[in-house]
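Below: one structure, written as structure tokens.
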């Protein structure tokens, strides 16, 4: 994003790569949540965190530029990078498998009383076939009154509970790099408070993007209200594009009340049935035959 840049560095004297991220003040929230989620694993790392994430290694400031810098474990390519590698669209088989795996990832996160707030293909990385979640700059507790289970940092203080501050009359050009706006839920687009349902709605847009290589509003210049209306129409229009499972997923996510716990089993089952109906087995992802992740 314009306010964030990521670099890859190799630590001197080792064969280990590190991801180095430079960004604005939200980087502190990203680092804090990485520490919280990493602390859910056993001490010493014998049992990892229940949410696959990169391990946070260091947070500080560059003496010369005064930029905030976060160093973390390097995982692998993002879904966005793999999408480009595969010709800008995934097969139905790979998209359905990713839907189930992403649901498992978000369910594990939500079960720790945390919602992500910025689900995009750039924020899901792949290593050895396992999905990892990154960029917790906009994460927050689902219920601020309940501490994160097992966390050494239960009091999170003020958190970014709302979506992007985009509401207004200023038109915004939606490029493919404007990840957060493109995949934001309608609530997030309008700057409303977010919850678990918004992560799932963003996932619905992301899955469509991965399958078809785009979304109707990419490349348009729209105000936030116009973008929200586009997304509402899209949620209805998907009923006319088979397979219907994508429409049912978005419809189920949009129908959730703010505090309601999603029925993850039912939503994963949509794509399990899709694979069964289409005779799709659990073979490798589209990219597996070409690269090692």
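Numbering (the working numbering), first residue to last: -19 to 273.
Heads up, the beta-carbon is just placed ideally off N, CA and C, and yes, glycines get one too.
Fair warning: this is a prediction, and the values are worked out from it, not measured in the lab.
Member of the options whose CA lies at the smallest distance from the CA of residue i
i	options	result
residue 53	14, 89, 128	14
residue 113	65, 211, 18	18
residue 164	182, 257, 154, 67	182
residue 35	217, 77, 116	116
residue 57	111, 81, 78	111
residue 207	245, 158, 246	158
residue 265	190, 55, 221, 228	190
residue 187	218, 92, 213	218
Residue i - containing beta strand (DSSP E), residue span
i	result
residue 75	It is not in any beta strand (DSSP E) - residue 75 instead sits in the alpha helix (DSSP H) that spans 72 to 90.
Bridge partner(s) assigned by DSSP for residue i
i	result
residue 110	107
residue 152	202
Beta carbon of residue i nearer than 8 Å to that of residue j
i	j	result
residue 120	residue 160	no
residue 86	residue 180	yes
residue 59	residue 28	no
residue 89	residue 31	yes
residue 64	residue 70	no
residue 50	residue 11	yes
residue 229	residue 193	no
residue 72	residue 258	yes
residue 162	residue 197	yes
Interface flag, residue i vs chain D, CB-CB below 8 Å
i	result
residue 234	Annotation note: the requested chain D is absent from the structure, which comprises a single protein chain.
DSSP-derived helix/strand/coil call for residue i
i	result
residue 128	coil
residue 256	helix
residue -7	Residue confidence for residue -7 is low, a pLDDT of 43 falling below 50, so the modelled location carries little weight; the figure read from the coordinates is stated next. Residue -7 falls in the coil class under three-state DSSP.
residue 58	strand
residue 247	helix
Alpha helix (DSSP H) segment containing residue i, residue limits
i	result
residue 235	225 to 235
residue 9	7 to 18
residue 265	From DSSP, residue 265 is part of no alpha helix (DSSP H); its letter is neither H nor E.
residue 167	166 to 169
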